[in-house]
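Those protein sequences? They're chains A and B, same order as listed. For the first sequence, this note's numbering begins at 1 and goes up steadily by one. For the second sequence, this note's numbering begins at 1001 and goes up steadily by one.
Protein chains: 2
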Amino acid sequence: MLKLSKLTDYAVVVLVRLGDDFALQTSGGIAAATGVPEPTVAKVLKIMTTAGLVCSQRGARGGYRLAKPLSAIPVADVITAIDGPIALTACVEHSPAICDSSALCPVKGRWDRVNSAILDALSGISLADMRPPERDALSVVPMTEASAMPSYHPAGASVSTTAFVE
Amino acid sequence: MLKLSKLTDYAVVVLVRLGDDFALQTSGGIAAATGVPEPTVAKVLKIMTTAGLVCSQRGARGGYRLAKPLSAIPVADVITAIDGPIALTACVEHSPAICDSSALCPVKGRWDRVNSAILDALSGISLADMRPPERDALSVVPMTEASAMPSYHPAGASVSTTAFVE
DNA sequence: TCATTCAGGACCAAGCCAGTCCTGTTTTGG
DNA sequence: CCAAAACAGGACTGGCTTGGTCCTGAATGA
Chain A
1 MLKLSKLTDY AVVVLVRLGD DFALQTSGGI AAATGVPEPT VAKVLKIMTT AGLVCSQRGA
61 RGGYRLAKPL SAIPVADVIT AIDGPIALTA CVEHSPAICD SSALCPVKGR WDRVNSAILD
121 ALSGISLADM RPPERDALSV VPMTEASAMP SYHPAGASVS TTAFVE
Chain B
1001 MLKLSKLTDY AVVVLVRLGD DFALQTSGGI AAATGVPEPT VAKVLKIMTT AGLVCSQRGA
1061 RGGYRLAKPL SAIPVADVIT AIDGPIALTA CVEHSPAICD SSALCPVKGR WDRVNSAILD
1121 ALSGISLADM RPPERDALSV VPMTEASAMP SYHPAGASVS TTAFVE
């Protein structure tokens, strides 16, 4: 596999959107602005709140706001928040030795290096790096017909989740 | 998710085992030596053959052999062979624009950087790097009771596929 | 000619993810 | 004080993917 969950993709979209405006934004408003279904936006934001990436304000006039600037949120944090700690296989360092043949396994402990390399790569890229630099408030599509806007589907509804390039 | 499929883990085990001996090895022999179920070994080796990582010899006295040394096989190639090209999301470079709202998507084209970073990391690690250096022929468990040897289960049969560390 | 071994699918069960919904709880505003 | 707005936290289900097995066919060597 080695592919991200859709929720992670949604999370990045939602967080980047949150980064466009420091005022409190409701889940419904973000859904309208991004095209992501509202229940899904709410789900993502709840996870992000638990992870401490966003702050929430309950009650009427409540909403969400980034807990820190986009540049301080590495992609790895978003992935970890949604998918759990990044561990390509069970045989990574610090994991309990659940291999029932750790003495036999010829690659014992060797996935650590791969895992660390990926973790490093993902820790070095922040959400700010994923925001198109030329995108400013003026270029946002006017929300005159939010319900008629094209919906954002990260993987294409009728195609396989992961595109097979090359 | 961001976890490897079990088949990929098996593939590394099988390939490293193949690298221990340049003579032709049968799928059954590899299964006995590694503890991986024989049908699964066969499946993995067929995929590896198609990918060109191993050479096969059909017929009686046939078997498999590495097509190139372990040091010339990056982990990325193994993953690509089993899971298809590494593409975290559908929004990676070269993929068809199947997002039905590419104009809206605020992270359009920005997963490329993440994807490239991971690809680079995986391309820089070879199977030789995953072979325990101190493991030589003498340290191999004697195959006197191959059927009684502990089986290799990369993720632990009774636990979740990916260990949640920390 | 026969046993051995790989080739290439088809196939099925199990597990996981995505997405929705429902019921609280908190806060604002009239 | 009440009602509406908005988040909190689960439960639930349908669909998809993966894992693992098996079966038939082709090639090779004895």
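The C-beta atom is built at its ideal place from N, Cα and C for all residues, glycine as well.
Of the candidates Gly-1052/B, Arg-1058/B, Lys-1003/B, the residue whose Cα lies closest to the Cα of Leu-1015/B is Gly-1052/B. Residue contact check for Lys-46/A against chain B: no CB pair falls below 8 Å. With respect to the 8 Å criterion, Ile-1079/B and Thr-1008/B are classified as neighbours on the basis of their beta carbons. Between Gly-35/A and Leu-66/A, the C-beta spacing is not below 8 Å. Taking CB atoms only, Thr-26/A has no neighbour in chain B less than 8 Å away.
Annotation for Arg-1065/B: the continuous beta strand (DSSP E) segment containing it runs 1063–1066. Think of a sphere of 7 Å around the beta carbon of Arg-113/A: the chain B residues whose beta carbon falls inside it are Ile-1125, Asp-1129, in chain order. Distances from the alpha-carbon of Ile-47/A to those of Val-12/A, Ser-116/A, Val-114/A put Val-12/A closest.
Restricting attention to Ala-1072/B, Arg-1110/B, Tyr-1064/B, Glu-1038/B, the CA atom closest to the CA of Asp-1021/B is found in Tyr-1064/B. Cβ neighbours of Met-1/A within its own chain (closer than 6 Å, five residues either side excluded): none. Listed as beta-bridge partners of Pro-74/A by DSSP are Ser-126/A.
Taking Arg-131/A as reference, the option from Pro-74/A, Leu-119/A, Leu-88/A with the minimal CA-CA separation is Pro-74/A. For the stretch 79–92 of chain A, the set of residues with a beta-carbon nearer than 8 Å to any beta-carbon of chain B comprises Ile-79, Asp-83, Gly-84, Pro-85, Ile-86, Ala-87, Leu-88, Thr-89, Ala-90, Cys-91, Val-92, in chain order. Ranked by Cα distance from Ala-1128/B, the first of Trp-111/A, Ile-82/A, Ser-126/A is Trp-111/A.
Here the C-alpha atom of Leu-1070/B lies approximately 21 Å from the C-alpha atom of Ile-1118/B. Excluding residues up to 5 positions away in sequence, Ala-31 lie with their Cβ nearer than 7 Å to the Cβ of Pro-37/A in the same chain. Judged by DSSP in its simplified three-state form, Val-1054/B adopts strand. Around the CB of Thr-50/A, fewer than 16 other CB atoms lie within 10 Å, so the residue is classed as exposed. Among the CB atoms of chain B, one or more fall inside 8 Å of the CB of Ser-5/A.
CA-CA distance, Gln-57/A to Val-1044/B, rounds to 52 Å. Between Ser-1123/B and Ala-1076/B, the C-beta spacing is below 8 Å. For Ile-30/A, the closest Cβ of chain B is not nearer than 8 Å. Spanning the alpha carbons of Ala-81/A and Lys-1003/B requires a straight line of approximately 15 Å. With fewer than 16 other CB atoms across the displayed protein chains lying within 10 angstroms of its CB, Ala-72/A is exposed. Selection Thr-1026/B, Gly-1028/B, Val-1041/B, Thr-1089/B evaluated against Lys-1006/B yields Val-1041/B as nearest (Cα-Cα). Rounded to whole angstroms, the separation of the alpha carbons of Pro-39/A and Thr-26/A is 12 Å. Contacts between Val-1075/B and chain A, judged by CB atoms closer than 8 Å, involve Val-114 in chain order. For Ala-1117/B, the chain A residues whose C-beta falls within less than 8 Å of its own C-beta are Ala-121, Leu-122, Gly-124, Ile-125, listed in chain order.
When the alpha-carbon of Cys-55/A is set against those of Ala-23/A, Asn-115/A, Tyr-10/A, the nearest one is in Ala-23/A. At a cut-off of 8 Å between C-beta atoms, Leu-1018/B does not count as an interface residue with respect to chain A. Within the same chain, and ignoring the five residues on either side of Thr-1089/B in sequence, the residues whose Cβ sits closer than 7 Å to its Cβ are Trp-1111.
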